[in-house]
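Protein chains in written order, with the working numbering: chain A, -2 to 365; chain B, 122 to 182.
Beneath this line is the structure, given in structure tokens, with notes to follow.
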Amino acid sequence: MRFVDEFRDAELGRALAGEILAAVDPGRHYKIMEVCGGHTHSIYKYGVDDLLPDNVELVHGPGCPVCVIPMGRVDDGIAIAHQPGVIFTCFGDMMRVPGSETTLLDAKAAGADVRMVYSPLDALRLARAHPDREVVFFAIGFETTAPSTALTLKRAKAEGLTNFSCMCSHVTIVPPVRALLESPDLRLDGFIGPGHVSTVVGARPFEFIPATYGKPVVIAGFEPLDVLQAVHMILAQLREGRCEVENEYKRVVPYEGNQRALEVMAEVFELRPHFEWRGLGFISHSGLKLSAAYADFDAERRFSVPGIRVADPKACQCGEVLKGVIKPYECKVFGTACTPERPIGTCMVSSEGACAAYYNFGRVREVV
Amino acid sequence: MSFHCTTCADDGTPMRVLRIRHDLALCEDDQGDHHTVEIALVDVEPGDAVLVHAGVALVAL
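Laid out in structure tokens, this is it:
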């Protein structure tokens, strides 16, 4: 298929890997962070890291929206799901994320009406079909997903639906990247920028990374050749002493983003003063809530929620994994107490989580 | 369909627009499956390719 097959060409991949090998300084160790969980998934699914020289290390960033949801918010969602008359809807991976005691899947087994949807628009359809029930959508995701929640809420308002609400846990990508750059325990040489977030926000929001922190950024697609090409472009910037935002994913990402999507988001959402990220703690202006004009659709206003902050489980080292400080297999519970079937940490839940990617694609050889 | 987690920023499925009615389009993915897609954020015509995430076309390809 166009846009896919040509970016999985093995021969081109090997040629590109050869160019990367020729481009690296053998006496230097390179640490490159892929911000987005989708890149992590592609890297291990296609074995991209096996094509890279030993001194080019890929570090996995915080860009999986499921992985960064703290336990307290899962508990809040479960509390709403148990209210009488509620149909609680969420994306599939969210159902298995552990709260302090149970998951949404456990809540469903216990009788709560929890349903998986592929789009917030599916939740809206449920609200239309069940006017006697309260339909709540657990909205999570970065700027790629936020426009679809925003459009859904606009539509709900236009239709005058009163039985639809949204538990807004959308997050934005720039504040955690800035927090990582400020973190003293991490030394990075460059970033592979998120591809589809950039279709919405464009490349401009990442310009502070080279400007303030002196690190190259290359926005990349998700096919194996995209990732290899991005690594090649970052290494070229480092070698030539350049430092800028480059767009490897021009076939999809316009430099200015999608203005219409940004406008609809600005109408429906506003920034929270601070938002808790699993493993990363509270980050200022990193989460979205519904704006005053859409406050009637805020599930956290409509229903009472515990709103209690729950500390991450002690054994789980998702925080260090999300910051790229440790590799998943270095976590004490990786592959033993914590597996995709019975995850302790969120990085093991989503297929985009670094731990699940390592587990599913056999990246455990360093410990056996 | 893409195997990725729906939520993740990377889950974008290229689809072809078949028919349009108001802000909704009937689209076909590479497997031949049909989907109803919100197209309020893009300007497209039948025959165009779009990148779809969580039921919404984010960009015309």
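We put the CB at the ideal spot given by N, CA and C, even for glycine.
Going by C-alpha to C-alpha distance, which of the options sits closest to residue i?
{"i": "Gly187 of chain A", "options": "A:Arg269, A:Val32 and A:Met345", "result": "A:Val32"}
{"i": "Ala107 of chain A", "options": "A:Ala76, A:Leu118, A:Tyr115 and A:Asp119", "result": "A:Ala76"}
{"i": "Ala19 of chain A", "options": "A:Tyr41, A:Asn52, A:Gly96 and A:Glu8", "result": "A:Asn52"}
{"i": "Leu102 of chain A", "options": "A:Asp72, A:Gly82 and A:Ser116", "result": "A:Asp72"}
{"i": "Thr209 of chain A", "options": "A:Gly190, A:Ser195 and A:Glu241", "result": "A:Glu241"}
{"i": "Pro167 of chain B", "options": "B:Gly133, B:Asp144 and B:His174", "result": "B:Asp144"}
{"i": "Gly138 of chain A", "options": "A:Val83, A:Ala290, A:Pro117 and A:Ala217", "result": "A:Pro117"}
{"i": "Val198 of chain A", "options": "A:Asn255, A:Glu260 and A:Thr149", "result": "A:Asn255"}
{"i": "Thr86 of chain A", "options": "A:Ala143, A:Glu131 and A:Val111", "result": "A:Val111"}
{"i": "Val83 of chain A", "options": "A:Ala292, A:Ala120 and A:Pro50", "result": "A:Ala120"}
{"i": "Gly190 of chain A", "options": "A:Ala290, A:Ala126 and A:His57", "result": "A:His57"}
{"i": "Ala161 of chain B", "options": "B:Ala178, B:Cys148 and B:Gly133", "result": "B:Ala178"}
{"i": "Pro310 of chain A", "options": "A:Ser288, A:Cys335 and A:Arg130", "result": "A:Cys335"}
Roughly how many whole angstroms lie between the Cα atoms of residue i and residue j?
{"i": "Ile17 of chain A", "j": "Phe88 of chain A", "result": "38 Å"}
{"i": "Ile305 of chain A", "j": "Asp150 of chain B", "result": "42 Å"}
{"i": "Ala124 of chain A", "j": "Ile206 of chain A", "result": "42 Å"}
{"i": "Arg176 of chain B", "j": "Pro23 of chain A", "result": "It is Gly, not Arg, that sits at residue 176 of chain B in the sequence shown. Going by the C-alpha atoms only, they are around 46 Å apart."}
{"i": "His79 of chain A", "j": "Ala109 of chain A", "result": "5 Å"}
{"i": "Ala147 of chain A", "j": "Met262 of chain A", "result": "6 Å"}
{"i": "Arg5 of chain A", "j": "Leu222 of chain A", "result": "6 Å"}
{"i": "Met122 of chain B", "j": "Ser39 of chain A", "result": "Unreliable placement is indicated for Met122 of chain B, whose pLDDT of 33 sits below 50; the coordinate value is still reported in the next sentence. Each residue's Cα considered, the two are about 16 Å apart."}
{"i": "Pro135 of chain B", "j": "Ala170 of chain B", "result": "7 Å"}
{"i": "Pro172 of chain A", "j": "Gly359 of chain A", "result": "32 Å"}
{"i": "Val365 of chain A", "j": "Arg275 of chain A", "result": "In this prediction, Val365 of chain A has a pLDDT of 42, which is less than 50 and means its spatial position is unreliable; what the coordinates show is noted afterwards. Their backbone Cα atoms lie some 29 Å apart in a straight line."}
{"i": "Lys42 of chain A", "j": "Tyr356 of chain A", "result": "11 Å"}
{"i": "Phe124 of chain B", "j": "Ala7 of chain A", "result": "With a pLDDT of only 44 at Phe124 of chain B, under 50, the local geometry of the prediction cannot be trusted, and no value is derived from it."}
{"i": "Asp47 of chain A", "j": "Glu204 of chain A", "result": "30 Å"}
{"i": "Pro337 of chain A", "j": "Gly96 of chain A", "result": "15 Å"}
{"i": "Asp164 of chain B", "j": "Ala181 of chain B", "result": "7 Å"}
{"i": "Arg27 of chain A", "j": "Leu185 of chain A", "result": "The amino acid occupying residue 27 of chain A in the given sequence is Tyr; Arg does not appear at that position. If you take the alpha carbons of Tyr27 of chain A and Leu185 of chain A, they lie about 8 Å apart."}
{"i": "Met68 of chain A", "j": "Ser281 of chain A", "result": "19 Å"}
{"i": "Tyr291 of chain A", "j": "Ala155 of chain A", "result": "11 Å"}
{"i": "Ile141 of chain B", "j": "Pro50 of chain A", "result": "49 Å"}
{"i": "Val138 of chain B", "j": "Ala153 of chain A", "result": "25 Å"}
{"i": "Thr100 of chain A", "j": "Thr333 of chain A", "result": "20 Å"}
{"i": "Pro202 of chain A", "j": "Ala217 of chain A", "result": "15 Å"}
{"i": "Ile341 of chain A", "j": "Cys313 of chain A", "result": "7 Å"}
{"i": "Val228 of chain A", "j": "Glu267 of chain A", "result": "35 Å"}
{"i": "Gly283 of chain A", "j": "Val65 of chain A", "result": "First, the amino acid is wrong: residue 283 of chain A is Ser here, not Gly. Rounded to whole angstroms, Ser283 of chain A to Val65 of chain A spans 12 Å at the Cα level."}
{"i": "Gly278 of chain A", "j": "Tyr246 of chain A", "result": "31 Å"}
{"i": "Gln234 of chain A", "j": "Asp182 of chain A", "result": "24 Å"}
{"i": "Val114 of chain A", "j": "Ile231 of chain A", "result": "38 Å"}
{"i": "Leu158 of chain A", "j": "Ala351 of chain A", "result": "39 Å"}
Quick one: which chain A residues come within Cβ less than 7 Å of residue i?
{"i": "Ala161 of chain B", "result": "Leu148"}
Interface residues of chain B around residue i at Cβ under 8 Å?
{"i": "Pro144 of chain A", "result": "Leu162, Val177 and Leu179"}
{"i": "Pro117 of chain A", "result": "Ala175 and Gly176"}
{"i": "Ala258 of chain A", "result": "Leu162 and Leu179"}
{"i": "Thr99 of chain A", "result": "Residues of chain B passing the Cβ test: none, with the nearest at roughly 20 Å."}
{"i": "Arg248 of chain A", "result": "Leu182"}
{"i": "Val197 of chain A", "result": "Leu179"}
Per DSSP, residue i is paired with what?
{"i": "Ala181 of chain B", "result": "B:Val171"}
{"i": "Leu268 of chain A", "result": "A:Leu285"}
{"i": "Ser97 of chain A", "result": "For Ser97 of chain A, which the question treats as bridged, DSSP gives no partner whatsoever."}
{"i": "Ile84 of chain A", "result": "A:Asp110 and A:Val132"}
{"i": "Pro135 of chain B", "result": "B:Leu172"}
{"i": "Arg140 of chain B", "result": "B:Leu147"}
{"i": "Phe203 of chain A", "result": "DSSP output for Phe203 of chain A lists no bridge partner at all."}
{"i": "Asn244 of chain A", "result": "A:Ile216"}
{"i": "Cys163 of chain A", "result": "A:Phe134 and A:Asp295"}
{"i": "Ile189 of chain A", "result": "A:Glu31 and A:Val215"}
{"i": "Arg155 of chain B", "result": "The sequence given here places His at residue 155 of chain B; Arg does not occur at that position. His155 of chain B pairs with B:Glu149."}
{"i": "Phe279 of chain A", "result": "A:Glu273"}
{"i": "Cys451 of chain A", "result": "Within the shown structure, residues of chain A are numbered from -2 to 365, placing residue 451 of chain A beyond reach of any answer."}
{"i": "His57 of chain A", "result": "A:Glu31"}
In chain B, which residues lie with their C-beta within 7 Å of the C-beta of residue i?
{"i": "Thr336 of chain A", "result": "Residues of chain B passing the Cβ test: none, with the nearest at roughly 17 Å."}
{"i": "Asn255 of chain A", "result": "Leu162, Leu179 and Val180"}
{"i": "Val228 of chain A", "result": "Going along chain B, no residue has its Cβ under 7 Å from Val228 of chain A, so there is no contact; the nearest lies around 17 Å."}
{"i": "Thr343 of chain A", "result": "Ordered by position in chain B, no residue passes the 7 Å Cβ test against Thr343 of chain A, which lies about 12 Å from the chain."}
Practice task
Count the CB pairs spanning the segment 173 to 184 of chain A and the segment 306 to 324 of chain A that are closer than 8 Å, and state whether there are at least three.
Solution key: yes
Problem - Cβ contact check for the segment 242 to 254 of chain A and the segment 212 to 227 of chain A: 3 or more pairs under 8 Å - result: yes
Practice task
Pair every Cβ in the segment 184 to 204 of chain A with every Cβ in the segment 145 to 164 of chain A, then say whether three or more of these pairs are closer than 8 Å.
Solution key: no
Exercise for the section: Spell out a yes or no on whether the segment 280 to 299 of chain A and the segment 323 to 333 of chain A are touching, meaning 3 or more CB-CB pairs, one atom from each, closer than 8 Å. Expected result: Between the segment 280 to 299 of chain A and the segment 323 to 333 of chain A, the count of Cβ pairs shorter than 8 Å is below three; the stretches do not touch.
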